[in-house]
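Numbering-wise, UniProt numbering puts 243 at position 243 of the sequence shown, and it's gapless, one number per residue. Quick notes on the structure that follows.
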Amino acid sequence: MAFQEYRMGEFPGQSEWVGFKQFIALFTDKNLPLVLRNTLAISGLKLTIGFVCPIVFAVFLNEMHRDGIKKVIQTISYLPHFISWTVCATLLFDFLKADGGAVNELLMALHLIQEPIDFFGRGDLFWGLALVSDTWKELGWNSIIFISAMAGVDAEMYEAADIDGATRAQKMWHITIKAIKPTIVLLFIMNVGGILNQNFDQIMMLTKQLGNPMLKDTANVIDTYIFQVGISQNRASFGTAAGLVKSLINFVLLIMANTIADKAGENALF
């Protein structure tokens, strides 16, 4: 379909073949640099800060010795994962609104700001909002695999470290983190392979289905761009070509990350 001029209703493969026309149109589109910038910026934040937060959370949970409190914290941290982005966005709009929002009221009460901040009316804040909201929603869920990896660490290693006089921080770094390092590397490689994939539901809901003009220049990512052009403008072949390019770039990045990990002597995917 990416090499055709497909029209809705036509039988697949029977449309006019146009070669690389769709790809040329994609790479000469004036909106492409902006879309790539937004995608890489948000993905980069999630790949660094958003990836590290579940690891830190899992390590601190592992250090808790009161099982009752630990289970309560784990359960609470899992709950946001099961809430749809429609509900999450509604909650964020209420908490962050400039007129009577809880966050603005708190910041003003603490004299940290002099006037309310219009969080969803400023494009320069959107990348941070996307990062914080995604991290909050998926923190507990993403930490599960790290908590499971930590469960396999031999308790005798900690006992031996205590005898040697190791501090808690030293045990965390040299035993816990080292034990889950292969898991961290594998998940990081997989995340690099999906760096151009964005949470479509999150972007759509936080921008009120792309209806917020104030966020147009900072919120439009590849997935929403494909939706706008391929679906809304009825250019299925163009959208397919954009999706194909995105998948190829993700595949190349996955191979590169895996090769680098393999050359560095780490556990690679293959």
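All C-beta atoms, glycine included, are put in the ideal place defined by N, C-alpha and C.
Per-residue burial, residue i [other beta carbons within 10 Å of its own, 16 or more giving buried]
i: residue 46; result: buried
i: residue 148; result: exposed
i: residue 173; result: exposed
i: residue 343; result: No statement about residue 343 is possible, as the shown extent of the chain runs from 1 to 270 and does not include it.
i: residue 216; result: exposed
i: residue 54; result: buried
i: residue 56; result: exposed
i: residue 239; result: buried
i: residue 274; result: In the structure displayed, the chain extends from 1 to 270; residue 274 sits before or after that span and is not available.
i: residue 17; result: exposed
i: residue 19; result: exposed
i: residue 272; result: A query on residue 272 cannot be resolved here, the shown segment of the chain reaching from 1 to 270 and no further.
i: residue 229; result: buried
i: residue 259; result: exposed
Assigned secondary structure, residue i (DSSP; H/G/I helix, E/B strand, else coil)
i: residue 14; result: coil
i: residue 266; result: coil
i: residue 202; result: helix
i: residue 233; result: coil
i: residue 115; result: coil
i: residue 170; result: helix
i: residue 74; result: helix
i: residue 22; result: helix
i: residue 228; result: helix
Presumed contact (8 Å Cβ cut-off) between residue i and residue j, rounded CB distance
i: residue 96; j: residue 103; result: 5 Å
i: residue 269; j: residue 189; result: 6 Å
i: residue 121; j: residue 214; result: 5 Å
i: residue 219; j: residue 82; result: The Cβ separation is near 25 Å, so there is no contact.
i: residue 195; j: residue 253; result: 6 Å
i: residue 131; j: residue 49; result: 6 Å
i: residue 92; j: residue 133; result: 6 Å
Among the options, the one whose alpha carbon lies nearest that of residue i
i: residue 221; options: 31, 82 and 213; result: 31
i: residue 12; options: 19, 2, 20 and 21; result: 2
i: residue 128; options: 74, 80 and 43; result: 43
i: residue 267; options: 184, 161, 86 and 10; result: 184
i: residue 78; options: 122, 153 and 136; result: 136
i: residue 198; options: 27, 29 and 36; result: 36
i: residue 118; options: 134, 133, 100 and 228; result: 100
i: residue 271; options: 23, 94, 41 and 237; result: A query on residue 271 cannot be resolved here, the shown segment of the chain reaching from 1 to 270 and no further.
i: residue 200; options: 233, 227 and 25; result: 227
i: residue 25; options: 258, 263 and 237; result: 237
i: residue 29; options: 75, 163 and 225; result: 225
i: residue 144; options: 167, 180 and 168; result: 180
Distance, residue j Cα to residue i Cα
i: residue 109; j: residue 116; result: 11 Å
i: residue 235; j: residue 242; result: 11 Å
i: residue 178; j: residue 157; result: 12 Å
i: residue 59; j: residue 14; result: 56 Å
i: residue 249; j: residue 39; result: 13 Å
i: residue 265; j: residue 52; result: 21 Å
i: residue 212; j: residue 140; result: 30 Å
i: residue 223; j: residue 154; result: 44 Å
i: residue 191; j: residue 182; result: 14 Å
i: residue 170; j: residue 94; result: 43 Å
i: residue 72; j: residue 231; result: 44 Å
i: residue 5; j: residue 86; result: 35 Å
i: residue 142; j: residue 187; result: 10 Å
i: residue 33; j: residue 21; result: 19 Å
i: residue 193; j: residue 75; result: 30 Å
Check: residue i C-beta below 6 Å from any heavy atom of the ligand FAD
i: residue 148; result: Of the ligands one can find in the structure shown there are none, so the ligand FAD has no counterpart to examine.
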